[in-house]
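Number 646 in this note's numbering belongs to position 615 of the sequence shown; there are no gaps in the numbering. So the structure is just underneath, and the comments pick up after that.
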Amino acid sequence: MAQMGKTKNIVLGLAALMIAGSLTACDDGRAGAEGAAKQLASSLAALDVGSLAVDGKDAAAANEQLKAVFAALDPAKPSVESGAVKLDGDKASVPLNFTWKIGTAEWKYTSQAALKKSGDKWAVQWTTTLLEPDLKDGEVLDKTVTPPARAEILGAGDAKLISYRPVVYVGIDKTTIGSADPAASAAKLAQLVSVDEAAYVKQVQASGPQAFVSAITLRQDGRTITDQQIAAIPGARGIPDSLPLAPTRTFARAVLGTAAEASAEQIQKAGGSLKVGDIVGTGGLEEQYDTQLRGQDGVSIRARPQGMTDDQIKAAKPDPRRVLFAADTKPGDPLKTTLDPRLQQLAEDTLTGIGPASAIVAIRPSTGAVLAAASGPGSNGYNTAMLGQYAPGSTFKIVDSLALIRNGMTPDSKVECTPTITVDGRTFKNAEGYPVSSLGSVALRDAFAHSCNTAFISSRDKVSQAQLESAATSLGLAVQAPKLGADAFLGSVPGNADGTEHAASMIGQGKVLLSPLAAAIMAASVAHGAPVSPQLVLNPGSVSPSTGATPTASGSPSSSASPAAAASDAAPASDKPVTPAEAAALGDMMRAVVTSGHAGFLASVPGAPVGAKTGTAEFGNDNPPKTHAWIVAVHGDLAVAVFVEDGGLGATTSGPLLKSFLTAAG
32 MAQMGKTKNI VLGLAALMIA GSLTACDDGR AGAEGAAKQL ASSLAALDVG SLAVDGKDAA
92 AANEQLKAVF AALDPAKPSV ESGAVKLDGD KASVPLNFTW KIGTAEWKYT SQAALKKSGD
152 KWAVQWTTTL LEPDLKDGEV LDKTVTPPAR AEILGAGDAK LISYRPVVYV GIDKTTIGSA
212 DPAASAAKLA QLVSVDEAAY VKQVQASGPQ AFVSAITLRQ DGRTITDQQI AAIPGARGIP
272 DSLPLAPTRT FARAVLGTAA EASAEQIQKA GGSLKVGDIV GTGGLEEQYD TQLRGQDGVS
332 IRARPQGMTD DQIKAAKPDP RRVLFAADTK PGDPLKTTLD PRLQQLAEDT LTGIGPASAI
392 VAIRPSTGAV LAAASGPGSN GYNTAMLGQY APGSTFKIVD SLALIRNGMT PDSKVECTPT
452 ITVDGRTFKN AEGYPVSSLG SVALRDAFAH SCNTAFISSR DKVSQAQLES AATSLGLAVQ
512 APKLGADAFL GSVPGNADGT EHAASMIGQG KVLLSPLAAA IMAASVAHGA PVSPQLVLNP
572 GSVSPSTGAT PTASGSPSSS ASPAAAASDA APASDKPVTP AEAAALGDMM RAVVTSGHAG
632 FLASVPGAPV GAKTGTAEFG NDNPPKTHAW IVAVHGDLAV AVFVEDGGLG ATTSGPLLKS
692 FLTAAG
């Protein structure tokens, strides 16, 4: 038995040797060559071949040449893939497919690599054409990028909202300062143009002797600092140029954003798609549609003799460089919007001098076009008009009234207007100065016209919170706005609320939140007789990766903003839109606010009859509480919302602003 086992082991061992021998005989070296090809492609993609087996050149020298050839393309790195290996004994060849992304351009080419086996290792045969098939010995790459002019942002009638306008870069040119003290000149210029003196002096001192150190960029039109004042300072000069600018520094800035040279932080985050001097958008539509507006750079990659300076190349005749790749400049596409420059400027002028955050939004009910979205100086650059989240106060009684009408009431139905009403221990009252003559059993129209809080709260049992939410979406609130093309908050109306929270909802408080844009949409839907979906951007194209054109809820600096509302997703359009008959009843009640209510001051506005609704909403913990001041109105084919964050009563604060705007709007 032992002998049989020994014989069996010998047979198995011989069989194993025979199999191993046959595998060795079948191995033609392909696996090793393919592995070497993949390692070469990976090393080239990393721009580091220092660890490769290189034949025909020292590996360190090859690595230095590689880095020198591609230095001008930094920080870009190629994607390199090896193709099918062709084997010929101890030699092999393999195609290498390079793909470079240079800004917005893509450069593709294929080079050929030769491999040679020495012992059990494959080494790459180093040649210049391995890096680029048309590259010659002693040449490196040269890159020229030509950016296109940034496209314009247009308004109604293709009015130029943001377009290239003349500017002057004012700074110290150290090549012309002569024997003067650079620090002294920098200090004088900083004082002249009102910039931080210490910071600018430090910047000038730290710059090289050939530098022009910009202190400020001034608009050419209307500048008060003259060329003579600048020239009086040794080394100071103004360099004319142009930049994409709005008509004024503040014009629709929160909506449009700005365009300027890319900052160091933006360049770093762009991962090679931006360079020093590129114009990029920051904030608003300029940032959101940066890709569409910026277009695509023209790129030229050329081979140039290594060691020749730029000055030598410029002086050489003919130009010693050879073009290896070129991509044409592609201008950006103008962004078309519905903003009416006259109404936008009028809205901004109307808000001049208003201390708290404020806004005026104007919409054309027939089309949904946003004609003006102005945020006042107290908003400190924030887009209060479109992103603010505030309790709407009694303007929300438009929604209440629609819900009541749907439950069988009419503008003539009677409701009880009492001085106060208590719900679950909480007492609600009417606004200060509410007329005693309007108390008692009154028509719903009158309660609406005089904004009787207690009458609407006493009707709360006739309207569920879910019905309030439904009525809100029927008027275009808290729903998606697929045509808007910009970030916005269109409202938040909870579908569930009981007790005091439901009562508070009846007067536009509790957890009910609107933006001024949403309030204008509500009024526009009444005027249109159907839900209005707002539109601001007419040709949304490329959207930058960091933002999107889908309207979203966005946080507000107001203490009344709700984090829950900010995170919520807008619902689809209502499946029960307001009807023309319902809108007519609401329009009748809004007209009564002017003819018999406390917005009688709007009766003198020329043109079509004005319908309105005022609103005052308490916020904060002060005693007495601070209040938001609201008013919405319809005037022909115009719907307007006016808002002042800490503004007292809607009728007395926002009302006069609305009258001024409507009267001038014509």
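No residue lacks a Cβ here, since even glycine has one placed at the ideal position from N, Cα and C.
Exercise for the section: Examine the Cβ distances between the region 225 to 240 and the region 273 to 289 and report whether three or more of them are shorter than 8 Å. Expected result: no
Practice task
Report yes if the CB atom of Asn438 is closer than 8 Å to the CB atom of Lys367, and no otherwise.
Solution key: The residue labelled residue 438 in the question sits at position 407 within the sequence shown. The residue labelled residue 367 in the question sits at position 336 within the sequence shown. Their beta carbons are not under 8 Å apart, which means Asn438 does not touch Lys367 by this criterion.
Handout entry: Neighbourhood of Ser74 by C-beta, 6 Å cutoff - its chain only, sequence neighbours within 5 removed
Key = Here residue 74 corresponds to residue number 43 of the sequence shown, with the count starting at 1. Correct list, in chain order: Val80 and Leu83.
Practice task
Keeping to the same chain, check which residues put their C-beta closer than 6 Å to that of Ala623; ignore five residues upstream and five downstream.
Solution key: Reading the sequence shown from its first residue, position 592 is the one you call residue 623. The residues are Arg476 and Ala480.
Exercise for the section: Would you tell me roughly how many angstroms separate the C-alpha atoms of Leu192 and Leu374, rounded to the nearest one? Expected result: In the sequence shown, counting from the first residue as 1, residue 192 sits at position 161. In the sequence shown, counting from the first residue as 1, residue 374 sits at position 343. Between Leu192 and Leu374, the C-alpha separation is close to 13 Å.
Problem - Through-space distance from Arg395 to Asp309, alpha-carbon basis - result: As a first step, residue 309 must be located in the sequence shown, where it is residue number 278. As a first step, residue 395 must be located in the sequence shown, where it is residue number 364. Computed Cα separation, rounded: 37 Å.
Practice task
List the whole-angstrom C-beta distance separating Asp204 from Arg268, where the pair is believed to meet the contact cut-off of C-beta under 8 Å.
Solution key: For this step, residue 204 is matched to residue 173 along the sequence shown. For this step, residue 268 is matched to residue 237 along the sequence shown. 5 Å between Cβ atoms; contact.
Exercise for the section: Return the first residue and the last residue of the alpha helix (DSSP H) that Gly419 is part of. Expected result: For the purposes of this step, residue 419 is taken as the residue at position 388 of the sequence shown. Here Gly419 belongs to no alpha helix (DSSP H), and DSSP marks it neither H nor E.
Handout entry: Residues of its chain near Ala291, where Cβ-Cβ distance is below 8 Å and the 5 sequence neighbours each way are ignored
Key = Here residue 291 refers to the residue found at position 260 when the sequence shown is read from its first residue. Once the five neighbours on either side are set aside, the close Cβ partners of Ala291 are Leu274, Ile310, Val311 and Thr313.
Problem - Bounding residues of the alpha helix (DSSP H) (the contiguous stretch that carries Ala195) - result: Position 164 of the sequence shown, counted from the first residue, corresponds to residue 195. Sequence inspection shows Tyr at residue 195; the Ala mentioned does not correspond to that position. Careful: Tyr195 lies outside any alpha helix (DSSP H), inside the beta strand (DSSP E) at Lys191 to Asp204.
Handout entry: Between the CA atoms of Thr369 and Ala700 - distance to the nearest angstrom
Key = Given a span of 32 to 697 for the chain in the structure shown, any question on residue 700 remains unanswerable.
Handout entry: Residues that Ser556 bridges to, as DSSP identifies them
Key = Along the sequence shown, read from residue 1 onward, the residue named residue 556 stands at position 525. BP columns for Ser556 are empty, so no partner.
Practice task
Report the rounded CA-to-CA distance for Val85 versus Thr135, giving the unit in angstroms.
Solution key: Sequence index remark: in the sequence shown, residue 85 carries index 54 (1-based). Sequence index remark: in the sequence shown, residue 135 carries index 104 (1-based). Taking the straight line joining both Cα atoms gives about 34 Å.
Handout entry: Length of the line joining the Cα atoms of Asp359 and Asp328
Key = Stepping through the sequence shown from its first residue, residue 359 is reached at position 328. Stepping through the sequence shown from its first residue, residue 328 is reached at position 297. Roughly 7 Å separates the two Cα atoms.
Practice task
Please list, in chain order, all residues of the same chain as Gly679 whose beta carbon is under 8 Å from its beta carbon, the five residues on each side excluded.
Solution key: Counting from 1 along the sequence shown, the entry for residue 679 is found at position 648. Excluding residues within five positions, the ones whose Cβ falls inside 8 Å are Thr647, Thr658 and Ala660.
Practice task
Identify the continuous beta strand (DSSP E) that holds Val675 and give its terminal residues.
Solution key: In the sequence shown, residue 675 corresponds to position 644, counting from 1. Ala670 to Val675 is the span of the beta strand (DSSP E), which, as asked, contains Val675.
Exercise for the section: Evaluate the contact criterion for the region 407 to 419 versus the region 443 to 450: three or more CB pairs, one atom per stretch, below 8 Å. Expected result: no
Exercise for the section: Starting from the Cα of Leu127, find the closest Cα among Leu402, Gly120, Ser113 and Lys139 and give me that residue. Expected result: Your numbering for residue 127 matches position 96 in the sequence shown. It is Ser113.
Practice task
Could you give the DSSP three-state label for His659: helix, strand or coil?
Solution key: Against the sequence shown, residue 659 aligns to sequence position 628. Looking at His659 - three-state DSSP - the assignment turns out to be strand.
Exercise for the section: Check the C-beta distance from Gln260 over to Pro197 and give it rounded, since I have them as a contact under 8 Å. Expected result: For the purposes of this step, residue 260 is taken as residue 229 along the sequence shown, with counting starting at 1. For the purposes of this step, residue 197 is taken as residue 166 along the sequence shown, with counting starting at 1. In fact, because the Cβ distance is near 18 Å, the residues do not count as touching under 8 Å.
Practice task
Measure the Cβ-Cβ separation of Ala214 and Pro365 and say whether it is below 8 Å.
Solution key: Residue 214 sits at position 183 when you count from the first residue of the sequence shown. Residue 365 sits at position 334 when you count from the first residue of the sequence shown. Cβ distance not < 8 Å, so Ala214 and Pro365 don't count as in contact.
Handout entry: DSSP-derived helix/strand/coil call for Asn128
Key = Here the question's residue 128 lines up with position 97 in the sequence shown. Strand at Asn128.
Exercise for the section: Taking 8 Å as the threshold, find out whether the region 631 to 651 comes into contact with the region 487 to 507 through three or more Cβ pairs. Expected result: no
Problem - Euclidean distance between Cα positions of Gly169 and Val226 - result: Reading the sequence shown from its first residue, position 138 is the one you call residue 169. Reading the sequence shown from its first residue, position 195 is the one you call residue 226. If you take the alpha carbons of Gly169 and Val226, they lie about 49 Å apart.
Exercise for the section: Using the Cα positions of Ala46 and Ala99, report the straight-line distance between them to the nearest angstrom. Expected result: Position 15 of the sequence shown holds residue 46. Position 68 of the sequence shown holds residue 99. Confidence is the limiting factor: at Ala46 the pLDDT is only 38, short of 50, which leaves the residue's position unreliable, though a coordinate-based value still follows. Cα to Cα, Ala46 sits roughly 56 Å from Ala99.
Exercise for the section: Report, in whole angstroms, the separation of the C-beta atoms of Ala405 and Glu379, which I expect to be a contact under 8 Å. Expected result: For this step, residue 405 is matched to residue 374 along the sequence shown. For this step, residue 379 is matched to residue 348 along the sequence shown. About 5 Å separates the two Cβ atoms, so the contact holds.
Problem - Top-ranked residue by Cα proximity to Thr426, from Ser627, Thr381 and Asn484 - result: Position 395 of the sequence shown, counted from the first residue, corresponds to residue 426. Measuring from the Cα of Thr426, the nearest candidate turns out to be Asn484.
Problem - Reduced DSSP category for Leu223 - H, G, I as helix; E, B as strand; rest coil - result: Working through the sequence shown from its first residue, we reach residue 223 at position 192. Leu223 falls in the helix class under three-state DSSP.
Handout entry: Where the beta strand (DSSP E) through Gln143 begins and ends
Key = Here residue 143 corresponds to residue number 112 of the sequence shown, with the count starting at 1. From DSSP, the beta strand (DSSP E) with Gln143 extends over Ala136 to Ser149.
Exercise for the section: Within the same chain, show all residues whose beta-carbon is closer than 6 Å to that of Ala720, passing over the 5 residues directly before and after it, in chain order. Expected result: Examination of residue 720 is not possible in this model, given that the chain is present from 32 through 697 alone.
Handout entry: Three-state secondary structure assigned by DSSP to Ala598
Key = Position 567 of the sequence shown, counting from 1, holds the residue named residue 598. No answer about Ala598 holds up, because its pLDDT of 35 lies below 50 and its placement is not dependable.
Handout entry: Sub-8 Å separation of Ile552 and Gly618 beta-carbons
Key = One-based indexing of the sequence shown puts residue 552 at position 521. One-based indexing of the sequence shown puts residue 618 at position 587. No, they are not a contact pair.
Practice task
Quick one: give me the first and last residue of the beta strand (DSSP E) that Ile394 is part of.
Solution key: By 1-based counting over the sequence shown, the position of residue 394 is 363. It spans Ser389 to Arg395 - the beta strand (DSSP E) in which Ile394 sits, taken as one unbroken run.
Practice task
Indicate the three-state DSSP secondary structure (helix, strand or coil) for Ala623 in the structure shown.
Solution key: Taking the sequence shown and counting its residues from 1, one reaches residue 623 at position 592. Three-state result, Ala623: helix.
Exercise for the section: Look at the alpha carbon of Leu305 and the alpha carbon of Ala293, and state the distance between them as a whole number of angstroms. Expected result: One-based indexing of the sequence shown puts residue 305 at position 274. One-based indexing of the sequence shown puts residue 293 at position 262. Taking the straight line from one Cα to the other gives about 7 Å.
Handout entry: Inter-residue spacing [alpha-carbon to alpha-carbon] between Ala512 and His629
Key = Locating residue 512 in the sequence shown gives position 481, counting from the first residue. Locating residue 629 in the sequence shown gives position 598, counting from the first residue. If you take the alpha carbons of Ala512 and His629, they lie about 33 Å apart.
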